[in-house]
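Colleague:
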Amino acid sequence: MARRTKIHVGLEIGTSKTCMVVGEVKADSAVKILGIGVTKTAGVRKGEIYDFSQARACLKDALAKAEDASDVEIGSVFLAVTGAHIQGINNRGTHRLPDGEPTVTPEHVEEARTIAREVHIPQDHVYLHPIIRNYWLDGLEHSTTPVGLFGKTVEADFHVVHGIGTRIQNSIKLVREMPLEVDDIVFSPIATAQMALDREQRERGALVIDIGGGTTDYALYLNGAITASGCIPVGGDHVTNDIHLVTGLPFSKADRLKILEGDASADPVKSVGIAKLTDDRGFAEVEVGRGILNEIIRQRLEETLKLVRARLPAGAVENIGAGVFLTGGTSLMRGFDSLAFDVFG
22 MARRTKIHVG
32 LEIGTSKTCM
42 VVGEVKADSA
52 VKILGIGVTK
62 TAGVRKGEIY
72 DFSQARACLK
82 DALAKAEDAS
92 DVEIGSVFLA
102 VTGAHIQGIN
112 NRGTHRLPDG
122 EPTVTPEHVE
132 EARTIAREVH
142 IPQDHVYLHP
152 IIRNYWLDGL
162 EHSTTPVGLF
172 GKTVEADFHV
182 VHGIGTRIQN
192 SIKLVREMPL
202 EVDDIVFSPI
212 ATAQMALDRE
222 QRERGALVID
232 IGGGTTDYAL
242 YLNGAITASG
252 CIPVGGDHVT
262 NDIHLVTGLP
272 FSKADRLKIL
282 EGDASADPVK
292 SVGIAKLTDD
302 RGFAEVEVGR
312 GILNEIIRQR
322 LEETLKLVRA
332 RLPAGAVENI
342 GAGVFLTGGT
352 SLMRGFDSLA
362 FDVFG
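Using the working numbering, the first residue of the sequence shown is number 22, and each one after it goes up by one.
#1: On the three-pair Cβ rule with 8 Å, is the region 94-112 touching the region 170-187?
#2: Which residue from Ala-296, Leu-347, Phe-171, Ala-63 puts its Cα closest to that of Asp-159?
#3: Hey, could you find the ends of the beta strand (DSSP E) Asp-204 is sitting in?
#4: Determine the direct distance from the alpha carbon of Ile-313 to that of Phe-208, and round the result to whole angstroms.
#5: Near Ala-177, which residues of its chain fall below 6 Å by C-beta distance, leaving aside the five closest residues on each side in sequence?
#6: Can you give the Cα-Cα distance for Glu-282 and Gly-234, rounded to whole angstroms?
#7: Give the secondary structure of Ala-105 by DSSP, where H, G and I count as helix, E and B as strand, and everything else as coil.
#8: Spatial neighbours of Ile-70 within its chain, please: CB distance less than 7 Å, with the 5 preceding and 5 following residues excluded, ordered by chain position.
#9: Mapping the DSSP letters down to three states, classify Asn-155 as helix, strand or coil.
#10: If you reduce the DSSP assignment to three classes, tell me which class Phe-171 lands in.
#11: Along the chain, which unbroken stretches of the beta strand (DSSP E) at least 3 residues long are found entirely within the region 67-126?
#12: Indicate the three-state DSSP secondary structure (helix, strand or coil) for Glu-128 in the structure shown.
#13: At which residues does the beta strand (DSSP E) containing Gly-186 begin and terminate?
#14: Quick check: the region 265-276 against the region 84-98, are there 3 or more CB pairs under 8 Å?
#15: In or out: Met-354 buried (at least 16 other Cβ within 10 Å) or exposed?
#16: Tell me Thr-39's beta-bridge partners as DSSP assigns them.
#17: Whole angstroms are fine: how far does the CA of Thr-351 sit from the CA of Thr-236?
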C-alpha cells in the first residue's frame, strides 16, 4: 500500500456501528478524507464493551475496510470514547503572584493551570483530557494567556473530562490487539463538536447533540469555550425497544418500522393512517397505526432531549445563539429537528 504523509485516523466503537475514518492533513490544515471503514457493531452496549471477542471482530472488519478504501496501512488511531461513566466538569485554579513579582510569568500561569487540572474525581476514575476555557487576571477575563501583564492574581478555567479507568482501558486494549497504537483519546461529543462547529458558532453559543444507538452525547459551547459535556445512556435502540414492547413486534421489525415509517414531530398530519412493512412479494406483513407509532417515538426522544437540557447550566439554552446541532444516526429520524426545536426553542 502507498503510504502518504500526515495521515490521521479516527476511530469510534459505537453501540450500533464501528467507524474508522482515514484523513490526509494538507499544508493549509485542511483534511482530505481518503477512506472510511464502517461495520455493524456487536458486543457493545450503551457505548461500553461487554463482549470483547465480538467487538474485536467488528473492529477488525472496520480496519480492513478502511485500509482497502484508503490504500493506507493503518498503524495508529485517535480513539473516541463514550459512556455514561464519562463526565465533564469545570474547575478554576487560582495563583497569587508573590511579592516583588508584579508581572505574570509563564510559571505563574502554569501554577494556576496545575491547580485547575487537579480537580477531585472518584477513585476509580482517570483524567481523559483537561481543556482550557479561559484565563482571568485580577477578575478580568482573558481568552489568551496573560503572560507579561501586570497583576496580582492569575486564574485558569478548565473543563476536565474523566471516566472509569478500567472501561477506558478496555477500549485501548481492544485497539492494541489489532495491533494498532492509540495516538490519543477524546470524549466523543467534543470530537464531534470540533468537526461540526466553526469558531464563530462556538463564540455565539452552540449545543451539539450526538444521538446514536445506545447513547446520547452532548457538548455545549458558550463564548467560544466548552462549558458542559456528558453522555446519557439512552439512544435510538431504546426507541426500537419501546415499539417492540408496545406492538409485540420482533426487535428487527420494530427497528425497520421506526426507520422507514416513523416521525418524531408533533404534526398531526404525519400521524394519520397505517404504517406498513411489506414482504418481498409486496404484501403487508406489519401494520401499526401511525398515531401509535409516532407517539412512541416522540415520547422517548422528547424525554431524551429533556434529559440533555436538564444537565445544562441554568440560562444556557437562552444563550445558544448559533443553535442546536444534531448528529448521529437517530438524528436522521423524520421530524427529529422539529422535536428538538420544541424542546430547546
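All C-beta atoms in this analysis are idealised placements derived from N, C-alpha and C, irrespective of residue type, glycine included.
Modeller: So, from the data block:
#1: By the C-beta criterion, the region 94-112 is judged to be in contact with the region 170-187, since at least 3 inter-stretch pairs fall below 8 Å.
#2: Taking only the C-alpha atoms, the option nearest Asp-159 is Phe-171.
#3: Element bounds for Asp-204: 202-208.
#4: Straight across, the Cα-Cα distance linking Phe-208 with Ile-313 is about 36 Å.
#5: Only Gly-114, Ala-133, Arg-134, Ala-137, Tyr-156 meet the Cβ criterion.
#6: Approximately 18 Å, taken between the alpha carbons.
#7: Looking at Ala-105 - three-state DSSP - the assignment turns out to be coil, as it is neither helix nor strand.
#8: For Ile-70, where only same-chain residues beyond five positions count, the Cβ hits under 7 Å are Gly-64, Ala-76, Asn-191, Ser-192, Leu-195.
#9: Strand at Asn-155.
#10: Three-state DSSP puts Phe-171 in a strand.
#11: Every unbroken stretch of the beta strand (DSSP E) spanning 3 or more residues and falling wholly within the region 67-126 is given here in chain order: 97-102, 108-117.
#12: Helix.
#13: For Gly-186, no beta strand (DSSP E) segment is defined; the enclosing uninterrupted segment is the alpha helix (DSSP H) at 186-197.
#14: No: the two stretches stay apart, fewer than three of their Cβ pairs being nearer than 8 Å.
#15: Buried, because 16 or more other Cβ atoms sit within 10 Å of the Cβ of Met-354.
#16: By DSSP's assignment, Thr-39 forms a beta bridge with Ile-34, Thr-60.
#17: Answer to the nearest angstrom: the Cα atoms are 10 Å apart.
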